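A quick write-up on the structure given underneath.
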Amino acid sequence: MTESLCLVTFCGHFSHQLMFSVSSDSSLAEEGEGHRIRWQRSSTNSSSSRKSTRNRKERRNRERGRSSHDCRLERKQMKVRDLGLGYDSDEIVVFKYCVGTCMSARKNYDLALKVLTDNGSVPSRKVSTHPCCRPTRFETVSFMDAQTSWQTIKWLSAANCSCVG
Numbered sequence: 001m002t003e004s005l006c007l008v009t010f011c012g013h014f015s016h017q018l019m020f021s022v023s024s025d026s027s028l029a030e031e032g033e034g035h036r037i038r039w040q041r042s043s044t045n046s047s048s049s050r051k052s053t054r055n056r057k058e059r060r061n062r063e064r065g066r067s068s069h070d071c072r073l074e075r076k077q078m079k080v081r082d083l084g085l086g087y088d089s090d091e092i093v094v095f096k097y098c099v100g101t102c103m104s105a106r107k108n109y110d111l112a113l114k115v116l117t118d119n120g121s122v123p124s125r126k127v128s129t130h131p132c133c134r135p136t137r138f139e140t141v142s143f144m145d146a147q148t149s150w151q152t153i154k155w156l157s158a159a160n161c162s163c164v165g
């Protein structure tokens, strides 16, 4: 007697389905046991798979000409009260913000302006000599305050980041 099983696993953003059969035949059971042992060795919960995922992302960024320091979106869980906007709430929201440098996005304008500020032709206190990593889209955040009223803050959290300027 043979019974089919489907196993679904999640690895990063992708789900994988494995179809296999279970049989009462001992030779097939031994073969299945070998697959199960290999499956356990390559578990997605191991730290080595997380390292390989991180290495893959870093390699992909290098191939695109970006470093891990370039402009990107990061996330931090924060209490609404700690955002400093005057709201009284202990609720935790995900605050998304832009970090990184934009050195790889510099244009001839930025390079020439840097030379002119360095030699004193243009006062450096009035200009920025390189693009800035800034949000190009924002998200609205809703939460419940201490008086159990829903509050909504527009344009609070970054939705996308890019080098601007």
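Under the UniProt record's numbering, the first residue of the sequence shown carries the number 1, and numbering increases by one thereafter. Ideal Cβ placement from N, Cα and C applies to all residues, glycine included. Note that the structure is a prediction, hence the values are computed from the model and not measured.
| field | For Trp155, the nearest candidate out of Asp145, Glu139, Ser149, Cys161 (CA to CA) | value | The residue given as residue 155 occupies position 155 in the sequence shown. Among Asp145, Glu139, Ser149, Cys161, the Cα nearest to that of Trp155 belongs to Glu139.
| C-alpha gap between Arg75 and Val141, whole angstroms | As a position in the sequence shown, residue 75 is number 75, starting the count at 1. As a position in the sequence shown, residue 141 is number 141, starting the count at 1. Taking the straight line joining both Cα atoms gives about 14 Å.
| query | Tell me, which residues are paired with Lys114 by DSSP? | reply | Mapped onto the sequence shown, residue 114 falls at position 114. Looking at the DSSP assignment, Lys114 forms no beta bridge with any residue, so it has no partner.
| query | Nearest CA to the CA of Lys96: which residue from Pro135, Ser149, Ala105? | reply | As a first step, residue 96 must be located in the sequence shown, where it is residue number 96. Relative to Lys96, the option among Pro135, Ser149, Ala105 whose CA is nearest is Pro135.
| When burial is assigned at 16 or more other CB atoms within 10 Å of the CB, is Val99 buried or exposed? | The sequence position of residue 99 within the sequence shown is 99, counting from 1. Val99 comes out exposed.
| message | Using a Cβ-Cβ cutoff of less than 7 Å, which residues in the same chain neighbour Val127 once the five nearest sequence positions on both sides are dropped? | response | On the sequence shown, residue 127 is found 127 positions in, with the first residue counted as 1. Once the five neighbours on either side are set aside, the close Cβ partners of Val127 are Leu113, Thr117.
| Exposed or buried, what is Ser149 when buried is set at 16 or more other beta-carbons lying within 10 Å of its beta-carbon? | In the sequence shown, counting from the first residue as 1, residue 149 sits at position 149. So Ser149 counts as exposed.
| Local conformation of Asp82 per DSSP, three classes | One-based indexing of the sequence shown puts residue 82 at position 82. When DSSP states are grouped into helix, strand and coil, Asp82 belongs to the helix group.
| Met78 versus Gly165, Cys133, Thr152, Ser157, residue with shortest Cα-Cα distance | Taking the first residue of the sequence shown as position 1, residue 78 is located at position 78. That would be Ser157, whose Cα lies nearest to the Cα of Met78.
| task | Identify the continuous beta strand (DSSP E) that holds Ser162 and give its terminal residues. | result | Counting from one through the sequence shown, the residue named residue 162 turns up at place 162. 150–164 is the extent of the beta strand (DSSP E) around Ser162.
| Going by C-alpha distance, which of Ile92, Val164, Ser121 is nearest Phe143? | The count along the sequence shown starts at 1 and reaches residue 143 at position 143. Out of Ile92, Val164, Ser121, Ile92 has the C-alpha closest to the C-alpha of Phe143.
| field | Expected contact under 8 Å - CB spacing of Leu83 and Asn160 to nearest Å | value | As a working mapping, residue 83 is identified with position 83 in the sequence shown. As a working mapping, residue 160 is identified with position 160 in the sequence shown. In fact, because the Cβ distance is near 20 Å, the residues do not count as touching under 8 Å.
| said: For a test of the three-state rule: what should DSSP assign to Arg125, helix, strand or coil? | reply: As a position in the sequence shown, residue 125 is number 125, starting the count at 1. In the structure shown, Arg125 sits in a helix (DSSP, three-state: H, G or I).
| field | Option nearest Ser89 by Cα separation, candidates Gln151, Gly165, Cys163, Val164 | value | Taking the first residue of the sequence shown as 1, we reach residue 89 at position 89. Comparing Cα positions, the closest option is Gln151.
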